[in-house]
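Visitor: The sequence shown runs -25 to -1, 1 to 318 under mature numbering (1 follows the signal peptide of the UniProt record, and there is no 0).
Heads up, the beta-carbon is just placed ideally off N, CA and C, and yes, glycines get one too.
This one's a predicted model, so the numbers in the text were calculated from it and none came from an experiment.
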Amino acid sequence: MCSSFPISTALFFLFIAFSLPSVLSLTTHEQWKKQQSANDVHPNDMDPAEAETLFKIMETMSSDRNWKVSNPNPCEPGSSWPGIECKLGQDNRLYVSRLDFGTPPNPTCKATATFPSEIFHLLYLQSVFFFRCFTHTKTNISIPPRRISTSLQQLSLRSNPALVGPIPPQISSLNSLQILTLSQNHLTGKIPKEILSLTSLVHLDLSYNFLSGTIPDQLGSLKNLEGLDLSYNSFTGQIPDTIGQLGLLQKLDLSSNLLTGGIPDSIGNLSFLAFMALSNNRLKGKFPKGLAKLQNLQYFIMDDNPMFVSLPVELGSLVKLQELRLSNSETCWLALFLSTLNS
């Protein structure tokens, strides 16, 4: 005996069977439209918000030309600005990855130029350079609290006599930074401890400023550091013992400061060290133990320090040493001379 099957139920399933392809077709069509919309972005198009930020930076920095009028598409190949590099983002739009100011053919800086904190809103920016840009109008390094670029790997500000004030602690938010150069400016104050949380740093150059205070013990946390230059400032106190934790360090320049005490024995741990300049300080006392371990040392600059000690015989075992400067350090050469004769 056959079971009964309601006609209304059959009609319902028949309606679903014919409607489903239309529904699927509509969904597929909507996805296709979205994909086409994404593909309609020309690969030379710049993100509009990025472009406006860049135009604002240029207006602050340079009067070489009306950048917005003369180059409305800053990243377009064939008409790109000097001193700018761009890269494609995940949305297929172009973003600024490098900016270079101050050295022709790159944009030169006008007399009223001030530090453009908007650079930190360029989310794909990896490198930025300011050379002899801030020369007349006093300005300082300012970092906005929100929407900071985490892509920035190199920040260089050199030879800017009107760049004044302290190094802002907010610089620690640039956590991808590998090269920080703030040399030959008019920066004052202490080294902010926050800067020493930038554990990706490979080179740190704060030379030729008016920085003061002691060198923080937290310096030892910069395990990837290969170059450290704090020369020509007014740092006081002793060289921190934690400097021996910088196992990859190749260049150390602490010359022309007001440092006192001795050279820490932990210096002997810096087996890659090739250049060490400690001249023109107030260092005294014995040379560090383990000096003979510095087998890569090529330049040892120690003049103008009141050491008042004999030179250690270990200096004679530094086979790569090319230059040893100890003038005005009141050291006795006899021990080193005798060790050389006996070798």
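1. So for ASN244, helix, strand or coil by DSSP?
2. MET277 and ARG257 look like a contact to me (Cβ under 8 Å); what is the Cβ gap, rounded to whole Å?
3. Could you pull the DSSP bridge partners for GLY164 from this structure?
4. Can you check the region 101 to 166 for any beta strand (DSSP E) of at least 3 residues that lies completely inside it and give the ranges in chain order?
5. Would the region 239 to 248 count as touching the region 210 to 223 if we require 3 or more Cβ pairs under 8 Å?
6. Decide if the region 116 to 123 is in contact with the region 143 to 152; the criterion is three or more beta carbon pairs, one per stretch, under 8 Å apart.
7. So ALA252 is in the beta strand (DSSP E); what residue range does that whole segment cover?
8. From which residue to which residue does the beta strand (DSSP E) around LYS31 run?
9. When you compare the region 98 to 117 with the region 130 to 144, are there three or more beta-carbon pairs, one atom per stretch, that lie closer than 8 Å?
10. What residue does the beta strand (DSSP E) around residue 361 start on, and which one ends it?
11. I'd like the ranges of any beta strand (DSSP E) spanning at least 3 consecutive residues and lying wholly in the region 42 to 84.
12. In the DSSP assignment, what are the bridge partners of THR235?
13. Expressed to the nearest angstrom, what Euclidean distance is found between the alpha-carbon atoms of SER302 and ASP279?
14. Kindly indicate which residue of ILE123, LEU130, ASN255 and SER92 has the alpha-carbon position closest to the one of PHE106.
15. Nearest to HIS111 by CA position, among SER134, LEU97, ILE123 and GLN101, is which residue?
16. Could you spell out the range, first to last residue, of the beta strand (DSSP E) harbouring ARG40?
Guide: Considering the structure as presented:
1. helix
2. Their Cβ separation, rounded to whole angstroms, is 12 Å, which puts MET277 and ARG257 out of contact at 8 Å.
3. LEU186
4. 102 to 106, 129 to 133, 135 to 140, 154 to 156 and 160 to 164
5. yes
6. yes
7. 250 to 252
8. Note, LYS31: premise wrong, no beta strand (DSSP E); alpha helix (DSSP H) at 23 to 36.
9. yes
10. Since the first and last residues shown for the chain are -25 and 318, residue 361 lies out of range.
11. 59 to 63 and 69 to 76
12. ARG257
13. 6 Å
14. LEU130
15. SER134
16. Looking at the DSSP string, ARG40 is not in any beta strand (DSSP E), and its letter there is neither H nor E.
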